[in-house]
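Engineer: Residue numbers (full-length UniProt numbering): 1 to 319.
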Amino acid sequence: MYRNMVTSRRFEEAIAKIYFEGKSPAFNMANGPIPGEMHLSDGQEPVAVGVCAHLTPEDVVTATHRPHHQAIAKGVDLDKMAAEIFGKKTGLSGGRGGHMHLFDDDVNFACSGIIAQGMGPAVGAALSRKMQGKPGVAVAFVGEGAVNQGGWHEAMNLAAVWNLPFICVVEDNGWGISVSKETASSIGSHADRAAAYGIPGKRIEGNDPYAIFEAAGEAIARARAGEGPSLLECETYRLAGHFMGDAEAYRPEGEKDALFEKDPIPKMRERLLADGAASEAELNAIEEDSAARVDAAITFARESDDAAPEDALTAVFAA
C-alpha cells in the first residue's frame, strides 16, 4: 500500500512538472507534450490503496476523471499509462483516450471524465459475473458530488435489487469542482444513503489507509460471499486544485495549509516505522524504486511515437 501511494505521488509530481511545458507565456491546454485537462489525485491515495489491496486482476474497477492513484493501485501498466497521457501510440488506447479515459483490460480497469459514468458499467460487470457464475467483484470509485447524479441512484438501486457483488466507494474530498459538499448535498454522510437501498453503508474518517483497508476488506468479502453490495464513503483530501491551473479562489483561507499538514504519505511512513512494520532502509528502498519506475515510464512515454492522425477513426466503430 505504501509503495503504491508513493508511486502515485511521484508519478503525479512528474506529470505536473511536464504538463506546463509549451503552455506559456499564454496558457493553452492544447499545447505541450501533455495536451488537455489534467486532474491530480495527490492526497487521495489512501482510498485507492486501501480498497485495491483486496482486489485481483479479475475484479473490475471503474474510476473517475481523477484516476491515477486508482489505476496504479489496481496494477495498470505504468509505462502504457504514461504513454496514453502523452497521446502516444504505445499508450493503453493508442493515445486516443488521454488521462481521463484510461482502459486496461489486463487488470479490468477503466475510467471516465463523465460524473458518475462508471456506476452503470461497474454494476453491469457485477451482474455479468453473477449471471455467468464467474468469480470477481466490481468496484466503482466516485466523488461525493457524483452521488447526487440520477445515474448513481439507478445503479445503486439495481445493485441492491439484484444482490450483486458490487461496492461503491465514495471519495469525499469535500469539493465538487469548486462547490463544497455542504452546499451541494442535504446529507452529511453519503454512507447514510445505503439505508435507502437496504444495504450496509459506512463512512471512514481521517483519510486513513489502515481504516479504509479494514472497511473495504469487510465489504469486498461480503460481496465475494454472495451477500450483496455495500456503500463506503471515505473522507479524503485534495491537495491540488480541481485541475492543473485551478486558482482555487473558492478555498477558505488556510484550508490547504492545514491539509498539507495531514499529508497521508508521511503519516503512513511514520506509522510503519513506529509499528516496526518496516525499517528506514526498507522504506527508502521503496521510495527509490518508485522514483525509478516513474522515471522509466516518463522516458518511455517521451520516446514513444506520437499517435498517427490517420488512426483517429480506427477502433472507434465496430465492423
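Don't be surprised by glycine CBs; every beta carbon is placed ideally from N, CA and C.
As the structure is a prediction and not an experimental result, all values here were calculated from the model.
Among all the DSSP beta bridges, which residues are the ones paired with L232?
Structural biologist: V169, K202
Engineer: Extract the residue ranges of the beta strand (DSSP E) inside the stretch 71–144, only unbroken runs of 3 or more that lie entirely within it.
Structural biologist: 109–111, 138–143
Engineer: With a cut-off of 8 Å on the beta carbons, I'd call G87 and H101 a contact; round off their distance for me.
Structural biologist: The Cβ separation is near 12 Å, so there is no contact.
Engineer: Should the stretch 32–51 be called in touch with the stretch 236–249, which here means at least 3 C-beta pairs below 8 Å?
Structural biologist: yes
Engineer: Contact between the stretch 232–239 and the stretch 187–205: three or more CB pairs below 8 Å?
Structural biologist: Touching, yes.
Engineer: Locate the alpha helix (DSSP H) running through T7, then write down its first and last residues.
Structural biologist: Segment 2–19, the alpha helix (DSSP H) holding T7.
Engineer: Among the candidates H99, T90, A83, whose CA atom is the shortest distance from the CA of P67?
Structural biologist: Answer by Cα proximity: H99.
Engineer: Measuring CA to CA, which of D289, E13, A83, M156 is closest to G118?
Structural biologist: From the listed residues D289, E13, A83, M156, the smallest Cα separation to G118 is found for M156.
Engineer: CB Q44 to CB E171, shorter than 8 Å?
Structural biologist: yes
Engineer: Please report how far the alpha carbon of P165 lies from the alpha carbon of V137, in whole angstroms.
Structural biologist: 5 Å
Engineer: Taking the straight line between their C-alpha atoms, what separation do you get for F300 and Y2?
Structural biologist: 24 Å
Engineer: When DSSP builds the beta bridges, which residues end up paired with G176?
Structural biologist: V179
Engineer: Looking at the unbroken alpha helix (DSSP H) that takes in A194, where does it start and where does it end?
Structural biologist: The continuous stretches of alpha helix (DSSP H) do not include A194, and DSSP gives it neither H nor E.
Engineer: Excluding the five sequence neighbours on either side, which residues of its own chain have a C-beta within less than 6 Å of the C-beta of N4, listed in chain order?
Structural biologist: V49, I72, A73
Engineer: Name the two residues that bound the continuous beta strand (DSSP E) containing A60.
Structural biologist: Per the sequence shown, the amino acid found at residue 60 is Val instead of Ala. Note, V60: beta strand (DSSP E), 60–63.
Engineer: If distances are taken between C-alpha atoms only, which option among G32, P264, I15 comes closest to K23?
Structural biologist: G32
Engineer: Mark S279 as exposed unless 16 or more other C-beta atoms lie within 10 angstroms of its C-beta, in which case mark it buried.
Structural biologist: exposed
Engineer: Who are the Cβ neighbours of G120 in its own chain at under 7 Å, not counting the five residues just before and after it?
Structural biologist: G151, A155
Engineer: Quick check: what's the CA-CA separation for E261 versus G133?
Structural biologist: Inter-residue distance for E261 and G133 is about 47 Å (C-alpha atoms, whole angstroms).
Engineer: Which residues in the same chain have their Cβ closer than 8 Å to the Cβ of L273, if we skip the five residues on either side of it in sequence?
Structural biologist: S279, E280, L283
Engineer: Measuring CA to CA, which of E58, A219, V169, W162 is closest to A116?
Structural biologist: Residue V169 is the option with its Cα nearest to A116.
Engineer: So L273 is in the alpha helix (DSSP H); what residue range does that whole segment cover?
Structural biologist: 264–275
Engineer: Hey, quick one: how far does the alpha helix (DSSP H) through F300 stretch, first residue to last?
Structural biologist: Residue range 280–303 is occupied by the alpha helix (DSSP H) that includes F300.
Engineer: When the distance is taken between beta carbons, is S304 closer than 8 Å to residue 320?
Structural biologist: A query on residue 320 cannot be resolved here, the shown segment of the chain reaching from 1 to 319 and no further.
Engineer: What residue range is occupied by the uninterrupted alpha helix (DSSP H) comprising L158?
Structural biologist: Here the alpha helix (DSSP H) through L158 covers 150–161.
Engineer: In whole angstroms, what is the alpha-carbon distance linking R302 and K17?
Structural biologist: Between R302 and K17, the C-alpha separation is close to 14 Å.
Engineer: Is A122 near T64, with beta carbons less than 8 Å apart?
Structural biologist: no
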